[in-house]
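Undergrad: Pasting a structure below so you can have a look.
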Amino acid sequence: MNPIAVILSRESKPATCNQHTMNILITGGTGLIGKRLTDLLIEKGHTVSILSRTKKQSDKASFYTWDIANKKIESEAIKNADIIVHLAGANVGEGRWTSKRKKEIIDSRVQSGNLLFQTVKKHNPNLKAFISSSAIGYYGMTTTDKTFSETDKPGFDFLANVCLKWENAAEQFKQLGVRTAIIRTGVVLDTNEGALAKLITPIKFGIGSALGSGKQAMPWIHLEDICGIYIHLIENNELEGTFNGVAPSKDNNEEFSKTLAFVLNKPFWFPKVPSFAIRLLLGKQAVIALEGSPISSKKVEESGYEFRFKELKIALTDILN
Ligand SMILES: NC(=O)c1ccc[n+]([C@@H]2O[C@H](COP(=O)([O-])OP(=O)(O)OC[C@H]3O[C@@H](n4cnc5c(N)ncnc54)[C@H](OP(=O)(O)O)[C@@H]3O)[C@@H](O)[C@H]2O)c1
3 MNPIAVILSR ESKPATCNQH TMNILITGGT GLIGKRLTDL LIEKGHTVSI LSRTKKQSDK
63 ASFYTWDIAN KKIESEAIKN ADIIVHLAGA NVGEGRWTSK RKKEIIDSRV QSGNLLFQTV
123 KKHNPNLKAF ISSSAIGYYG MTTTDKTFSE TDKPGFDFLA NVCLKWENAA EQFKQLGVRT
183 AIIRTGVVLD TNEGALAKLI TPIKFGIGSA LGSGKQAMPW IHLEDICGIY IHLIENNELE
243 GTFNGVAPSK DNNEEFSKTL AFVLNKPFWF PKVPSFAIRL LLGKQAVIAL EGSPISSKKV
303 EESGYEFRFK ELKIALTDIL N
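For the sequence shown, my numbering assigns the number 3 to the initial residue and increments by one for each residue that follows.
Take a look at the structure:
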């Protein structure tokens, strides 16, 4: 971890008296967001358990397993949870979107949500909150000047459909009187994993350029802030509903790529990579790279969350230097 992140993590305040320490179960807690969230929650004095497809040894968290397709789950995981954070899901950016892969992308989020709901209903009458990930793909992958906010309707494409089903699965928890919150997440920035690791490579080789028109918005969020928003929703028990998880700054793909090249001290003069080449390379998934509209962070800020990284250059400098 870089030194600034270490300092920031040291600064994360322990849970105060009115924020009792809690047992938090994280599905997909082995992923990019889950690993960092686990560390931050433990630093704050909470106890973390992870629900995973495979049992792992850890001195930080207890591991429980589930087999979503066969509706099997270690119910102990659920019985003791005060809060469930649902992050599990097949990676949308990996593998071509064949019909098999599309089904996996949906089932890993929706069948898993249903299994959690049925198990909580049976085994945990005291669950305090269910906090689920969703994605900004909810609004549809289109390039417009409109800034989307939480009250906007879902789009009509594959990712919008995934997010709608994912959110509907989470919202079942309201039937049980459980506080339910959803975070529509933007592109999470971290050095080692996720989209940034892929975007850096051509720039490091000095062949950085914008993708497609370059005008498509790139709503991003620093890993520390997305974890910060999860903690904000975990610890503030009056907060519920849907929140966009994106930084306040609005950058399009060209601005993003230029800033990345600047922070890496690399040239940025190659012509834009034409859309057809990206479509050839990625297939239908190319839409993730080629389309995007600005997304508002106003609601989460008004709920009291203070971003640590509001500006792209500062976020990238923290992550990369
Ligand atoms: N990172 C981003 O930029 C971003 C942006 C928008 C939304 N999100 C959403 O936020 C959530 C967490 O993101 P992340 O970046 O931490 O994800 P990640 O690194 O891809 O990790 C997700 C976890 O989900 C579990 N998983 C993977 N495939 C699965 C499958 N087929 N069935 C069930 N579980 C599966 C894995 O845990 P086990 O191997 O332990 O089971 C994995 O560690 C995801 O749902 C993601 O879609 C992320």
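Don't be surprised by glycine CBs; every beta carbon is placed ideally from N, CA and C.
Short check: CB of Pro204 to CB of Gly196, under 9 Å?
TA: Here residue 204 refers to the residue found at position 202 when the sequence shown is read from its first residue. Here residue 196 refers to the residue found at position 194 when the sequence shown is read from its first residue. Result no, Cβ atoms of Pro204 and Gly196 do not sit closer than 9 Å.
Undergrad: Along the beta strand (DSSP E) that carries Asn246, what are the first and last residues, could you check?
TA: Along the sequence shown, one-based indexing puts residue 246 at 244. Element bounds for Asn246: Gly243 to Gly247.
Undergrad: Is the beta carbon of Ala197 within less than 8 Å of some heavy atom of ligand 1?
TA: As a position in the sequence shown, residue 197 is number 195, starting the count at 1. Answer for Ala197: yes, Cβ within range of ligand 1.
Undergrad: By DSSP's criteria, Leu213 is part of a beta bridge. Which residues make up the other side?
TA: Along the sequence shown, one-based indexing puts residue 213 at 211. Beta-bridge pairing links Leu213 to Val275.
Undergrad: For Ile321, name the three-state secondary structure that DSSP assigns.
TA: Within the sequence shown, the letter at position 319 stands for residue 321. DSSP places Ile321 in helix when its eight states are reduced to three.
Undergrad: So what does DSSP say about Leu266, is it helix, strand or coil?
TA: Mapped onto the sequence shown, residue 266 falls at position 264. Looking at Leu266 - three-state DSSP - the assignment turns out to be coil, as it is neither helix nor strand.
Undergrad: Could you tell me whether any non-hydrogen atom of ligand 1 is closer than 8 Å to the CB of Glu293?
TA: Taking the first residue of the sequence shown as 1, we reach residue 293 at position 291. No - ligand 1 has no heavy atom lying nearer than 8 Å to the Cβ of Glu293.
Undergrad: Cβ of Lys339 within 9 Å of Cβ of Ala249?
TA: One cannot answer for residue 339 here, as it falls past the ends of the chain, which runs 3 to 323.
Undergrad: With DSSP run on the structure shown, which of helix, strand or coil describes Ser14?
TA: Here the question's residue 14 lines up with position 12 in the sequence shown. No answer about Ser14 holds up, because its pLDDT of 49 lies below 50 and its placement is not dependable.
Undergrad: Taking 8 Å as the cut-off, is the beta-carbon of Leu34 closer than that to any non-hydrogen atom of ligand 1?
TA: Here residue 34 refers to the residue found at position 32 of the sequence shown. Yes, ligand 1 has a heavy atom inside 8 Å of this Cβ.
Undergrad: With the cut-off set at 9 Å, would you say Ile28 and Val87 are in Cβ contact?
TA: Sequence index remark: in the sequence shown, residue 28 carries index 26 (1-based). Sequence index remark: in the sequence shown, residue 87 carries index 85 (1-based). Yes.
Undergrad: Helix, strand or coil for Phe175 per DSSP?
TA: In the sequence shown, the residue the question calls residue 175 occupies position 173. Phe175 falls in the helix class under three-state DSSP.
Undergrad: Within 10 angstroms of its Cβ, does Ser136 collect 16 or more other Cβ (buried), or is it exposed?
TA: Here residue 136 refers to the residue found at position 134 of the sequence shown. Ser136 is buried by the Cβ-count criterion.
Undergrad: Taking the straight line between their C-alpha atoms, what separation do you get for His125 and Lys81?
TA: Taking the sequence shown and counting its residues from 1, the one referred to as residue 125 is at position 123. Taking the sequence shown and counting its residues from 1, the one referred to as residue 81 is at position 79. Whole-angstrom Cα-Cα distance: 6 Å.
Undergrad: Less than 7 Å between C-beta atoms, sequence neighbours within five positions excluded: which residues of the same chain meet that for Gly33?
TA: Numbered from its first residue, the sequence shown carries residue 33 at position 31. Around Gly33: Leu89.
Undergrad: Can you check whether the CB of Leu235 is closer than 9 Å to the CB of Ala317?
TA: Residue 317 sits at position 315 when you count from the first residue of the sequence shown. Residue 235 sits at position 233 when you count from the first residue of the sequence shown. Taking 9 Å as the Cβ cut-off, Ala317 and Leu235 do not qualify as a contacting pair.
Undergrad: How would you call Ser295, buried or exposed, if buried means at least 16 neighbouring beta carbons within 10 angstroms?
TA: Residue 295 sits at position 293 when you count from the first residue of the sequence shown. Looking at its Cβ environment, which holds 16 or more other Cβ atoms inside 10 Å, Ser295 is buried.
Undergrad: Cα separation between Arg55 and Ile26?
TA: Locating residue 55 in the sequence shown gives position 53, where the first residue counts as 1. Locating residue 26 in the sequence shown gives position 24, where the first residue counts as 1. Rounded to the nearest angstrom, the two C-alpha atoms are 18 Å apart.
Undergrad: How long is the line joining the alpha carbons of Gln174 and Phe119, rounded to whole angstroms?
TA: Taking the sequence shown and counting its residues from 1, one reaches residue 174 at position 172. Taking the sequence shown and counting its residues from 1, one reaches residue 119 at position 117. Approximately 7 Å, taken between the alpha carbons.
Undergrad: Please tell me whether, using a cut-off of 8 Å, the distance from the CB of Ala279 to the nearest non-hydrogen atom of ligand 1 is below it.
TA: Locating residue 279 in the sequence shown gives position 277, counting from the first residue. Incorrect: Ala279 has no Cβ contact closer than 8 Å to ligand 1.
Undergrad: Given this structure, state the Cα-to-Cα distance separating Leu266 from Lys206, to the nearest angstrom.
TA: One-based indexing of the sequence shown puts residue 266 at position 264. One-based indexing of the sequence shown puts residue 206 at position 204. So the alpha carbons of these two residues sit roughly 7 Å apart.
Undergrad: Please say whether Arg98 and Lys286 have beta carbons closer to each other than 9 Å?
TA: As a working mapping, residue 286 is identified with position 284 in the sequence shown. As a working mapping, residue 98 is identified with position 96 in the sequence shown. Cβ distance < 9 Å, so Lys286 and Arg98 count as in contact.
Undergrad: With 16 as the cutoff for other CB atoms within 10 Å, does Gly30 come out buried or exposed?
TA: Numbered from 1 along the sequence shown, position 28 holds the residue referred to as residue 30. It counts as buried.
Undergrad: Three-state secondary structure (DSSP) at Lys74?
TA: If you number the sequence shown from 1, residue 74 lands on position 72. Of the three classes helix, strand and coil, the one that applies to Lys74 here is strand, per DSSP.
Undergrad: For Ser51, which beta-bridge partners are listed by DSSP?
TA: On the sequence shown, position 49 is the one that residue 51 refers to. Ser51 pairs with Leu27 and Ser64.
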